[in-house]
Amino acid sequence: KNIRILKKIERNVENAWRAFEGCESEVKMQFLHTVVLMNWAYFCSKSDKDIPTLDFLESMESIYSIGKKDATEEEKKWKSILLSYNFTRVDELDRKIAKLVRNGYIDLTELSESIKIVNKQVLDNKKSNSFRSAWDLFHNSFDDNVEEVVSHFYKCFTDSVTQVSPNDLDSLVGVFRELGEDTKASEMITYYIQERRSEIELFDVDNFYLFRPIKDEEIIEKFKGVYLTDSPKRTLGEVLDVLSGQNGWNDDDIEVLSSATEDDYYHYFKSLHGNHLTSHVATCMKFGRISNANEQTRSVSVKAKEALMRISGESKLNELRIHKFNL
């Protein structure tokens with residue numbers, strides 16, 4: 025029986041191995057590690073209840089979710105076996121391997137898609153670890169090796185830029201400035217923006233995802249510029265939908281409302297049909313009643329009022345309709 029299972033493992037490997045060409049060794053090891061376990065589970069669990077079933081392996085996301093109050097004694101035993109085999113989680117590649125084990129074959133195109141995802145994760149982890157390890161040279165000696173530290177940091181940063189968070193960049197730039205490397209600090213900021221510009225939310229310096237506030241003034245200034253230029257622009261309607269019926273707003277809301285022209289308000293109000301017409305107009309007008317409002321905020325109600333006066337002058341009916349807004 026064991027020879028029969030070994031032959032099935034061998035055939036599985038022969039059928040799928042070419043799909044792993046060019047990928048990281050860790051991905052190849054995952055395949056071999058998983059295909060052996062899943063063959064054992066699929067062909068031996070029916071006759072031995074101590075062996076986890078393939079269904080069980082496929083159903084688990086992480087082994088650490090097993091063993092809670094609702095777990096059976098059988099499942100707890102299986103968990104112990106899987107831990108001893110160092111099989112702790114199941115990803116999409118593992119599920120494709122399960123399909124290979126069940127059917128004896130698999131569409132290599134389908135398998136390759138999962139391999140690409142896992143391979144990218146492995147590469148990203150390596151880059152992240154490389155950047156983290158760069159700090160070891162900084163922390164682990166009292167050698168007078170500024171040039172070596174700066175050079176190593178710079179190389180690890182450029183190699184791993186896709187894994188560097190804004191807070192990581194801020195910390196590294198701070199070190200470079202302390203060491204008198206302002207030019208390289210600016211180069212890193214520019215390179216970071218160039219390589220990560222498509223990830224627009226990274227450049228929102230007020231975002232909640234930041235572990236701590238950004239300190240470097242150049243990062244703040246350049247990030248704000250990128251975010252202002254590249255972030256998706258909300259429309260008048262989108263902002264007014266959010267603000268109608270509530271008292272709070274933020275700077276981005278005012279930026280959208282104040283940048284709209286009188287013509288924009290005119291055409292927007294004319295496009296409205298339904299009970300939100302009244303609430304949207306009223307929302308615009310309330311900015312003129314705020315005692316300590318700045319000029320930008322007051323401009324919202326000024327332009328909205330001018331647009332409404334134009335609409336009022338178009339017909340007696342519209343004049344009557346606009347009376348309710350007390351212009």
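Start counting the sequence shown at 25; every next residue gets the next number (my numbering). Backbone N, C-alpha and C fix where the C-beta goes; we use that ideal spot for every residue, glycine too. The structure presented is a predicted model; accordingly, all values stated were derived computationally and were not measured.
| Check | Outcome |
| --- | --- |
| Does the Cβ of M212 have 16 or more other Cβ atoms within 10 Å, making it buried, or fewer, making it exposed? | buried |
| Is the beta carbon of N191 less than 8 Å from the beta carbon of F235? | yes |
| Am I right that D254 and R221 are in contact with their C-beta atoms under 8 Å? What's the rounded C-beta distance? | 7 Å |
| With respect to the alpha helix (DSSP H) encompassing G249, which residues constitute its N-terminal and C-terminal limits? | E241 to D254 |
| Specify the secondary structure class of R156 as computed by DSSP and reduced to three states. | helix |
| Which ranges does the alpha helix (DSSP H) cover as unbroken runs of at least 4 residues, wholly within the stretch 158-230, from first to last along the chain? | 170-183, 190-202 and 206-220 |
| Short of 6 Å in beta carbon distance, which residues of its chain neighbour F67, apart from the five on each side in sequence? Order them along the chain. | I29 |
| Look up S86 in the DSSP assignment and give the residues it is bridged to. | R113 |
| Taking contact to mean 3 or more Cβ pairs, one atom from each stretch, closer than 8 Å, check whether the stretch 71-82 and the stretch 162-175 are in contact. | no |
| Taking the alpha-carbon positions, what's the I121 to S154 distance? | 30 Å |
| Taking its Cβ as the centre, do 16 or more other Cβ atoms sit within 10 Å of Q218, making it buried, or is it exposed? | exposed |
| Suppose only complete runs of 4+ residues qualify. What are the alpha helix (DSSP H) ranges in the stretch 294-328, listed by chain order? | 300-310 |
| Please list, in chain order, all residues of the same chain as E286 whose beta carbon is under 6 Å from its beta carbon, the five residues on each side excluded. | K327, E330 and A331 |
| Over what stretch of residues does the alpha helix (DSSP H) that includes G261 continue unbroken? | L260 to L267 |
| First and last residue of the alpha helix (DSSP H) that includes I29? | N26 to A40 |
| For L61, which option in C308, N26, A43 and A95 has the closest C-alpha, if you only look at C-alpha atoms? | N26 |
| Go ahead and pull the three-state DSSP assignment for F55. | helix |
| Would you check if the stretch 271-290 and the stretch 237-246 touch, i.e. whether three or more CB-CB distances between them fall below 8 Å? | no |
| Which of the three DSSP states is assigned to E279 in this structure? | helix |
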